[in-house]
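For reference, the structure discussed in these notes is given below.
2 protein chains.
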Amino acid sequence: MLPATTRQITTHLAADGWLTARVEDAPLPAPAASQVVVQVEAAPINPSDLGLLFGPADVEAGEFTPGMVRARMGDGALRAFAARVGMTLPVGNEGAGTVIAAGSDAAAQALVGRRVAAFVGGMYAQHRVIEAADCLLLPDDVSAREGAAAFVNPLTALAFVETMHAEGHKALIHTAAASNLGQMLHRICAEDGIPLVNVVRKPEQAELLRGLGAAHVVDSSAPTFRDDLVSAITATGATMAFDAVGGGTLLGQIMGAMEKAANSGGSFARYGSNSPKRGFIYGTLDPSPTVLNRNFGYVWDISGFLLAPMMEKLGAVARQRMHTRVARSLKTTFANHYKADVTLEAMLTREAVLDYNARATGAKYLVTPQG
Amino acid sequence: MLPATTRQITTHLAADGWLTARVEDAPLPAPAASQVVVQVEAAPINPSDLGLLFGPADVEAGEFTPGMVRARMGDGALRAFAARVGMTLPVGNEGAGTVIAAGSDAAAQALVGRRVAAFVGGMYAQHRVIEAADCLLLPDDVSAREGAAAFVNPLTALAFVETMHAEGHKALIHTAAASNLGQMLHRICAEDGIPLVNVVRKPEQAELLRGLGAAHVVDSSAPTFRDDLVSAITATGATMAFDAVGGGTLLGQIMGAMEKAANSGGSFARYGSNSPKRGFIYGTLDPSPTVLNRNFGYVWDISGFLLAPMMEKLGAVARQRMHTRVARSLKTTFANHYKADVTLEAMLTREAVLDYNARATGAKYLVTPQG
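These protein sequence lines map, in sequence, to chains A and B. Read in order, the letters of the first sequence are residues 1490 to 1860 in our numbering. Read in order, the letters of the second sequence are residues 1490 to 1860 in our numbering.
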């Protein structure tokens, strides 16, 4: 017998700027013919989930009660989020679990009892009704924990490499490079023979990556950062950067270092080099404004990077290639590490929220709704 | 008889940060078979010329002597300009004049006595030896003054429109819209039926453009700027902006307004709208850093815009179309207005330098080397 209700985490933004994230009971509908019911066993807390869950609300000053957080957004932030005022939104982009019931379609029935992963939102829940077609069937030896993050990080890292090939670049630069995603990108680039410049913010992160065999690691806290970056870019020929930080001067510094590397031949181009300088901002570890000093001429492109439209752009053949590669290597190339497991309720305690919402490298949490 | 020497303006940056711009005599070589000697009669001072002539040197505190300006660059600026230290560079991207001698090739001989324009650099000179193939033959009724600026502004404005078509956008936003270039773009868009949002910085500039028949004019100094911008973008459907300012928050505000217009249907996209938001920075009226608040999701692209590589990218067919259109309409669509004429010597007086180097709208100067 299916339960009549389930528990899930939602986020709600009121017109007065108060945001409420809470655990709540919700009816569990019977699956339609094409659907399955997944008992969610593991779901990661990615930075992209935090953007939805709390956004720019001030959780440090929030009110914490069991199963609930209330926090305020400033007026400027509220204006930017005006379109979601009044909405109650389920949270949790991706996760994995076991199919415990299914609709009448053969494709849905075939999944009963199997372990699957999905990237459909609302996965911070004990159960989730989803389309069978949206399920990624996990290999038998892959646990829900190992398969929980089979989409966001793996596909993002692979999309960096696919985009590099599609736009004709030969090497990459990555910031916040010691993150789960960064380590994954390091392994992919090592497997594929792609030179990668890893930019980190602390000496211990540099050590970690060197310990994993990374050849080019640059620490932005080092006094020699500017020169180190130019040297690494010169050594690798990297002209494309993916930046998780977003705010501050880091991406602009990288673009400036690309320009310096391009001009190192000694020639002077009066409006800057014609060498391509390509940057993407894919995260918001620093929500402050992006500051570009524009010391890199006029031949440059910086874009936002969002996984879903980028996957569309890469095309069906590339998408299939990416999914296949991920499913095959969830225990190795695409393995994740978690700092802590939390239940739905534990996820909304002050201690947990302030820790994972700081988005520190190495502090990724895993939600275990059955725990 | 050709003169043995000519006079020209050069700029030199020394290793200690002192920049020297001056009028100097230089040998005038005899033209090779494929070349002509142009007696330069008129050459505009464009912002792109000022970048080469003075760069970020502090001309306010400069030393002015007849035919010479000396000014210092700060250490940061000097580092960015390291590649040109020690070089003496002629200045003046474009200009027009009369061919007074030519090499033996028929194509060169055919130009003797004719009025031509060229975009080859070094045009702040009494004479300039150039390839016949680089000459744009001016129609008989077009004076050197009218043909002096037949490249930079006209081709830039046309390249905006060509880029808009090539990337599939339907309407444009332009900043510093009351400039010579802005008025030109207004006339092109009016002829072609392309909706254009003109962003200006002062009420009198808004008046000027409205007086020319511009339908969408937004003044960034108005308290209602933010809302006016969203309204104009909504009315026109503009999703591509060309920004001459570069520094500060203006381009970011425009991108944010595009996002707001895209979301005005009331739907909420959690990582921002998937509607394209496209910006180009083509100038540096404000040399301070570009500041992007990133309140426009993750689907956006901002690029530098430099005329020469963009013309390459647009392709030979588009280039021919653009040159033909310019030559046909130099007295109308592509007409320029100048605040003052200056000789080579007068160009380097304190009064002139401080006026044109402020890059104020409506303060374009014309250099008349024969004057």
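For glycine and all other residues, C-beta sits at the position ideal for the given N, C-alpha and C.
With fewer than 16 other Cβ atoms inside 10 Å of its own Cβ, B/Pro1516 counts as exposed. Relative to the Cα of A/Leu1796, the nearest Cα in the group B/Pro1712, B/Arg1759, B/Leu1661 and B/Pro1858 belongs to B/Arg1759.
Counting along the chain, the unbroken beta strand (DSSP E) around B/Ser1777 starts and ends at Asp1775 to Leu1781. At a cut-off of 8 Å between beta carbons, B/Asp1790 contacts chain A. One Cα belongs to A/Glu1583, the other to A/Leu1781, and the distance between them is close to 33 Å. For A/Pro1798, the chain B residues whose Cβ falls inside 9 Å of its Cβ are Asn1763, Tyr1787 and Val1788, in order along the chain.
Taking CB atoms only, A/Arg1808 has no neighbour in chain B less than 8 Å away. Within chain B, the C-beta atoms nearer than 7 Å to that of A/Gly1735 come from Arg1783, in chain order. The alpha-carbon separation between A/Val1631 and B/Ala1751 amounts to approximately 42 Å. B/Thr1713 and B/Val1707 have their C-alpha atoms spaced approximately 9 Å apart.
Taking the Cα positions, B/Arg1617 is about 11 Å away from B/Ala1606.
Here B/Thr1499 is near B/Thr1577, since their CB atoms are less than 8 Å apart. Taken atom to atom, the span from the alpha-carbon of B/Thr1813 to that of B/Pro1628 is near 11 Å.
Considering only beta carbons, no part of the stretch 1584 to 1595 of chain A lies closer than 7 Å to chain B. For A/Glu1834 and A/Ala1637, the gap between their C-alpha atoms comes out near 19 Å. The alpha-carbon of A/Met1836 is positioned some 18 Å away from that of A/Thr1850. Residues Arg1767 of the same chain have their beta carbon placed closer than 6 Å to that of B/Asp1790, with the five preceding and five following residues left out of the count.
A/Phe1785 is not a Cβ neighbour of A/Glu1840, given a cutoff of 8 Å. Taking a Cβ-Cβ cut-off of 9 Å, the neighbours of B/Pro1778 in chain A comprise Thr1738, Gly1741, Val1780, Leu1781, Asn1782 and Arg1783, given in sequence order. Chain B has a Cβ within less than 8 Å of the Cβ of A/Leu1795. Annotation: the continuous beta strand (DSSP E) that includes A/Arg1496 extends over Thr1494 to Leu1502. In the same chain as A/Met1673, and ignoring 5 residues on each side of it, the C-beta atoms closer than 7 Å to its own belong to Asn1642, Pro1643, Ala1646, Thr1822 and Phe1823, in chain order. Straight through space, the alpha carbons of B/Val1734 and B/Ser1777 are spaced by roughly 10 Å. For B/Ala1569, the nearest beta carbon of chain A is closer than 8 Å to its own beta carbon.
At least one beta carbon of chain B lies nearer than 8 Å to the beta carbon of A/Tyr1760. Scanning its chain for C-beta atoms nearer than 6 Å, with the 5 sequence neighbours on each side dropped, one finds around A/Thr1773 the residues Gly1735, in chain order. Flagged as an interface residue toward chain A: B/Asn1752, by a C-beta distance shorter than 8 Å.
Note on geometry: alpha-carbon atoms of A/Gly1565 and A/Ala1571 lie some 10 Å from one another.
Put simply, the CB of B/Leu1803 is far from chain A, with every gap to its CB atoms at 8 Å or more. Counting only runs of 3 or more residues that sit fully inside the stretch 1747 to 1830 of chain B, the beta strand (DSSP E) segments are 1767 to 1770, 1775 to 1781 and 1790 to 1793, in chain order. At least 8 Å separates the CB of A/Ala1730 from every CB of chain B.
Taken in chain order, the complete beta strand (DSSP E) segments of 3 or more residues contained in the stretch 1524 to 1588 of chain A are 1524 to 1533, 1552 to 1554, 1557 to 1561 and 1577 to 1579.
Judged by pairs of C-beta atoms under 8 Å, the stretch 1595 to 1610 of chain A touches the stretch 1618 to 1625 of chain A, as three or more such pairs exist.
Rounded to whole angstroms, B/Asn1763 and B/Phe1649 show a C-alpha spacing of 23 Å.
A/Val1842 is not a Cβ neighbour of A/Ala1532, given a cutoff of 8 Å. Judged by DSSP in its simplified three-state form, A/Asn1669 adopts helix.
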